[in-house]
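Take 51 as the starting number for the sequence shown in the numbering used here and just add one per residue. Cβ coordinates follow ideal geometry from the N, Cα and C atoms, glycine included.
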Amino acid sequence: MKRGKQLYEGKAKKVFATEDPDLCIVSYKDDATAFNGAKKGRIADKGAVNNMISNIVFALLEEAGVPTHFVRQLSDRETLVKKVRILPLEVIVRNTAAGSFSKRFGVEEGKPLAGPTLEFSYKNDELGDPLINDDHILALGLASEDEIAEVRVYAHKVNEVLEAFFNDKGLKLIDFKIEFGKTPDGRVILADEISPDTCRLWDVETNEKMDKDRFRRDLGKVEETYRAVLERVRT
Ligand code: TMP
Ligand code: ASP
């Protein structure tokens, strides 16, 4: 499958057309940003590492009954995916307090939550991806009531599958962000990526952070950590 014209460039990936109107190629970059692009950097080999991690995870989720955009990996950095219209929602699931949740509610990072906690942000860089509720989503016409319900069910399923999967690899799934897209025939499927860029993963023994917080918070050993996560999920 050959790359056609570039359709989109995001902060971590580029998307290209293919000769098949229903398929795209995503190409993962080494660029890293944080705080809505305010902090910029590069993480060597991140593109290839995240491509591989995300594909392993998406294949697992497909097997577990969550429909995804994943078709097949084409190269180190490139993957063939189904073309979708991304719903402008960041769907966040939290198991343990961290990050913006800890800050917003004044809860210590690492405190277990009463149960998996779902949160939506409006995917809009200019506005800084503000928190949004179901009524806001309907008011703005970002998704229908049925779509929101479907997204909730899939998000909880993704959490169940990934929590067990990562736990098996010695990683505690603290929280993660996923995105969904709509296919031309109107189905909602999981899209974007699942990687250390989009999850918080802590070593189960040491609580060491093994995700993008190492870059966001200048904790060092960034490249090594991304590679270590790949090694763990691969085996
Ligand atoms: P937060 O605590 O900063 O809101 O992040 C929650 C989860 O979402 C965390 O696993 C990191 C991920 N995330 C993204 O993937 N993209 C983003 O732009 C942000 C802010 C968070
Ligand atoms: N998506 C955020 C940004 O660009 C990065 C993050 O904190 O994950 O800057």
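For Lys63, there is no enclosing alpha helix (DSSP H); the residue is found in the beta strand (DSSP E) stretching over Lys63 to Ala67. Residues of the same chain with a CB within less than 8 Å of the CB of Leu223, apart from the 5 flanking positions on each side, are Asn145, Asn209, Leu212, Glu213, Phe216, Asn217, Cys249, Arg250 and Leu251 in chain order. Three or more beta-carbon pairs separated by less than 8 Å are not found between the stretch 98-111 and the stretch 184-197, which leaves the two stretches without contact. In chain order, the residues that have a beta carbon nearer than 6 Å to some heavy atom of the ligand ASP are Lys61, Thr83, Ala84, Phe85, Asn86, Gly87, Lys262 and Arg266.
Per DSSP, Lys161 is not a residue of any alpha helix (DSSP H), being assigned neither H nor E. Remark: the C-beta of Ile224 is in contact range of the ligand TMP, defined as less than 8 Å to any heavy atom. Buried is the label assigned to Asp247, since at least 16 other Cβ atoms lie within 10 Å of its Cβ. For Ile103, the enclosing alpha helix (DSSP H) stretches over residues Lys96 to Glu113. Rounded to whole angstroms, the Cβ separation of Ala82 and Ile75 is 21 Å, and the two are not in contact under 8 Å. In this structure, the CA atom of Lys79 is about 24 Å from the CA atom of Gly149.
Shown here, Val283 sits in a helix according to DSSP, grouped into three states. With respect to the C-alpha of Arg267, the residue from Tyr58, Phe85 and Lys52 having the closest C-alpha is Phe85. In the same chain as Ser104, and ignoring 5 residues on each side of it, the C-beta atoms closer than 6 Å to its own belong to Glu243, Ile244 and Ser245, in chain order.
A direct Cα-to-Cα measurement between Arg122 and Leu168 gives close to 29 Å. Taking each of Ala241, Ser152, Asp175 and Glu176 in turn and checking the Cα distance to Ala205, the smallest one comes out for Ala241. Out of Lys89, Val238 and Thr118, the CA that lies nearest to the CA of Leu137 is found in Val238. Arg135 is bridged by DSSP to Lys232. Taken through DSSP and simplified to helix, strand or coil, Asp81 comes out as strand. The beta carbons of Arg282 and Gly236 sit no closer together than 9 Å. For Asp253, the enclosing beta strand (DSSP E) starts and ends at Cys249 to Asp253.
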